[in-house]
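My numbering numbers the first residue of the sequence shown as 21 and each following residue consecutively.
Note that CB positions come from ideal geometry on N, CA and C, so glycine has one too.
As structure tokens, the structure follows; a few thoughts come after it.
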Amino acid sequence: MSVIDIEKLTKYYGNFLALNEVDLNVKQGEVFGFIGPNGAGKTTTLRILLGMLRKNSGTIRLLGGDPWHDAVRLHRRLAYVPGEVNLWPGLTGGEVIDMLGKLRGGFEGERRDKLLERFKLDPRKKCGAYSTGNRQKVALIAALVSDVELYIFDEPTSGLDPLMEMVFRESVNELKKEGKTVLLSSHILSEVEALCDRICIIREGQIIENGTFDELRHLTRTNITVDTHKPITGLEDMKEVHNLIQKCNHTQFSVDAEKIDSMLKYLTQFGVQSLISVPPTLEELFISYYGLEYTENKETIRG
21 MSVIDIEKLT KYYGNFLALN EVDLNVKQGE VFGFIGPNGA GKTTTLRILL
71 GMLRKNSGTI RLLGGDPWHD AVRLHRRLAY VPGEVNLWPG LTGGEVIDML
121 GKLRGGFEGE RRDKLLERFK LDPRKKCGAY STGNRQKVAL IAALVSDVEL
171 YIFDEPTSGL DPLMEMVFRE SVNELKKEGK TVLLSSHILS EVEALCDRIC
221 IIREGQIIEN GTFDELRHLT RTNITVDTHK PITGLEDMKE VHNLIQKCNH
271 TQFSVDAEKI DSMLKYLTQF GVQSLISVPP TLEELFISYY GLEYTENKET
321 IRG
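Here it is in structure tokens:
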């Protein structure tokens with residue numbers, strides 16, 4: 021069953037094409053990663069999905085309804101955390117959490133208390149006195165306290181320290197065990213890799229890949245480290261071999277994914293003593309698409 025179903029979604033800002041026939045499908049009970057650099061179209065897609073922006077064309081079904089016409093009804097069945105959190109400065113964190121939770125139909129006080137302890141948040145402070153990280157905690161607790169069907173997180177750990185990032189990951193894993201659906205948009209690639217069942221990569225308003233992480237590993241190379249009885253010869257002439265480093269009987273290189281099987285058979289003739297095969301990470305996959313663009317913006321796109 022699909023919780024989110026988007027087909028050929030197109031959005032213009034004036035003459036600028038922000039989304040070009042985007043297709044996106046999120047199934048019930050999965051954690052879905054939606055990734056891409058700043059300006060790729062992630063937030064625009066989410067705002068249209070939430071009924072905050074009008075589309076130019078395409079079809080969208082959110083929890084079986086139309087997000088533009090049924091926004092009020094649908095928002096009671098989902099929780100959303102934006103990348104930039106703005107709170108009412110005169111209210112305390114606890115008052116904001118209670119208000120947002122009640123808008124979604126209420127919550128259990130015990131669950132609220134556990135989340136406050138888990139995220140180490142003092143709910144008595146005014147929001148105007150909170151740091152960026154604590155404002156993010158308020159938004160996360162307000163979302164997680166609600167027993168809804170769908171959780172949408174747009175850069176949810178922005179401003180959090182590494183310990184709180186781990187707390188967030190634990191919370192998402194608990195949601196998954198409860199059968200909830202999560203749409204996660206993040207620049208923290210280790211976060212996406214650790215949490216998501218499937219991922220979707222968007223670039224310049226177009227979906228360029230979509231699938232499980234294992235299905236997308238073909239887009240980049242696997243790193244091989246091998247020790248052999250005899251020095252390996254012939255690797256320097258193979259087109260599928262990259263970044264070759266050899267020192268006597270110790271060899272390191274990367275190989276195109278579709279050539280791994282034939283490569284392993286080739287190595288056996290030299291008497292393999294030990295072999296380590298490391299599949300590509302999501303960060304390597306990202307670099308394969310964005311290359312220098314990703315590397316130069318790594319301070320912004322946190323990997």
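Hey, I117 and P143 are a contact pair by Cβ (cut 8 Å); roughly how many whole angstroms apart?
Here residue 117 corresponds to residue number 97 of the sequence shown, with the count starting at 1. Here residue 143 corresponds to residue number 123 of the sequence shown, with the count starting at 1. Contact flag correct, Cβ pair sits at about 7 Å.
Just the Cα atoms here: how many angstroms apart are V212 and E50?
The residue you call residue 212 lines up with position 192 of the sequence shown. The residue you call residue 50 lines up with position 30 of the sequence shown. Roughly 13 Å between the two C-alpha positions.
Nearest-angstrom Cα distance between P57 and R223?
Counted from its first residue, the sequence shown places residue 57 at position 37. Counted from its first residue, the sequence shown places residue 223 at position 203. P57 and R223: Cα-Cα distance of roughly 7 Å.
Write down the C-beta distance between L120 and A91 rounded to the nearest angstrom, noting that I regard them as a contact closer than 8 Å.
Looking up residue 120 in the sequence shown gives position 100. Looking up residue 91 in the sequence shown gives position 71. That pair is no contact at about 16 Å.
How long is the line joining the alpha carbons of H95 and E41, rounded to whole angstroms?
Locating residue 95 in the sequence shown gives position 75, counting from the first residue. Locating residue 41 in the sequence shown gives position 21, counting from the first residue. Those two C-alpha atoms are separated by around 25 Å.
Sort out for me which residues DSSP pairs E229 with in a bridge.
As a working mapping, residue 229 is identified with position 209 in the sequence shown. In the DSSP output, where bridge partners are listed per residue, E229 has I221.
Considering only the alpha carbon of each residue, which of L305, S294, M258 and N263 lies closest to S282?
For the purposes of this step, residue 282 is taken as residue 262 along the sequence shown, with counting starting at 1. When only C-alpha atoms are compared, the closest one is M258.
Whose C-alpha, out of K157, L236, V192 and T79, is nearest the C-alpha of L141?
For the purposes of this step, residue 141 is identified with residue 121 of the sequence shown, where counting begins at 1. For L141, the nearest C-alpha among the options comes from K157.
Between I244 and F273, is the Cβ-Cβ spacing less than 7 Å?
Indexing the sequence shown from 1 puts residue 244 at position 224. Indexing the sequence shown from 1 puts residue 273 at position 253. Yes, the Cβ-Cβ distance between I244 and F273 is below 7 Å.
Under 8 Å: do the region 202 to 218 and the region 54 to 70 share three or more Cβ pairs, one atom per stretch?
Touching, per the Cβ criterion.
Take G153 and list the residues in its own chain whose beta-carbon comes closer than 8 Å to its own, dropping the five residues that flank it on each side.
As a working note, residue 153 is residue 133 in the sequence shown. Around G153: G179, L180, D181 and M184.
Determine the closest residue to V275 out of F188, M72, G199 and H262, with distance taken between C-alpha atoms.
Counting from one through the sequence shown, the residue named residue 275 turns up at place 255. Comparing Cα positions, the closest option is H262.
Go ahead and pull the three-state DSSP assignment for I200.
On the sequence shown, residue 200 is found 180 positions in, with the first residue counted as 1. Here the sequence assigns Lys to residue 200, which means Ile is not the residue at that position. DSSP places K200 in coil when its eight states are reduced to three.
Ends of the beta strand (DSSP E) at V246?
For the purposes of this step, residue 246 is identified with residue 226 of the sequence shown, where counting begins at 1. Here the beta strand (DSSP E) through V246 covers R241 to T248.
Taking just the CA atoms, how far does E304 sit from L70?
For this step, residue 70 is matched to residue 50 along the sequence shown. For this step, residue 304 is matched to residue 284 along the sequence shown. Using only the alpha carbons, I get a separation of about 31 Å.
Could you give the C-beta distance for L160 and V101, rounded to a whole number, given that I count them as a contact under 8 Å?
Here residue 160 corresponds to residue number 140 of the sequence shown, with the count starting at 1. Here residue 101 corresponds to residue number 81 of the sequence shown, with the count starting at 1. Rounded, the Cβ-Cβ distance is 6 Å, consistent with contact.
Rounded to the nearest angstrom, what separates F288 and G254 at their Cα positions?
Translated into the one-based positions of the sequence shown, residue 288 becomes position 268. Translated into the one-based positions of the sequence shown, residue 254 becomes position 234. The sequence as given places Thr at residue 288; Phe does not occur at that position. T288 and G254: Cα-Cα distance of roughly 13 Å.
Taking Cβ to Cβ, would you say L39 is nearer than 7 Å to G225?
Position 19 of the sequence shown holds residue 39. Position 205 of the sequence shown holds residue 225. Taking 7 Å as the Cβ cut-off, L39 and G225 qualify as a contacting pair.
Just to confirm, are K75 and K146 a CB contact at a threshold of 7 Å?
As a working mapping, residue 75 is identified with position 55 in the sequence shown. As a working mapping, residue 146 is identified with position 126 in the sequence shown. Against a cut-off of 7 Å, the Cβ pair of K146 and K75 comes out as no contact.
Compute the beta-carbon to beta-carbon distance between R218 and E169, rounded to the nearest angstrom, for a pair I have assumed lies under 8 Å.
Position 198 of the sequence shown, counting from 1, holds the residue named residue 218. Position 149 of the sequence shown, counting from 1, holds the residue named residue 169. The pair is not a contact, with the Cβ atoms about 18 Å apart (cut-off 8 Å).
Sort out for me which residues DSSP pairs N45 with in a bridge.
What you label residue 45 is simply residue 25 of the sequence shown in a count that begins at 1. According to DSSP, which records beta bridges pairwise, N45 is partnered with D25.
Alpha carbon to alpha carbon, how far is L204 from L264?
By one-based count along the sequence shown, residue 204 stands at place 184. By one-based count along the sequence shown, residue 264 stands at place 244. Each residue's alpha carbon lies about 37 Å from the other.
Taking the alpha carbon of S191 as the reference point, which residue from F139, F290, Y286 and E235 has its own alpha carbon closest?
Counting from 1 along the sequence shown, the entry for residue 191 is found at position 171. Out of F139, F290, Y286 and E235, F139 has the C-alpha closest to the C-alpha of S191.
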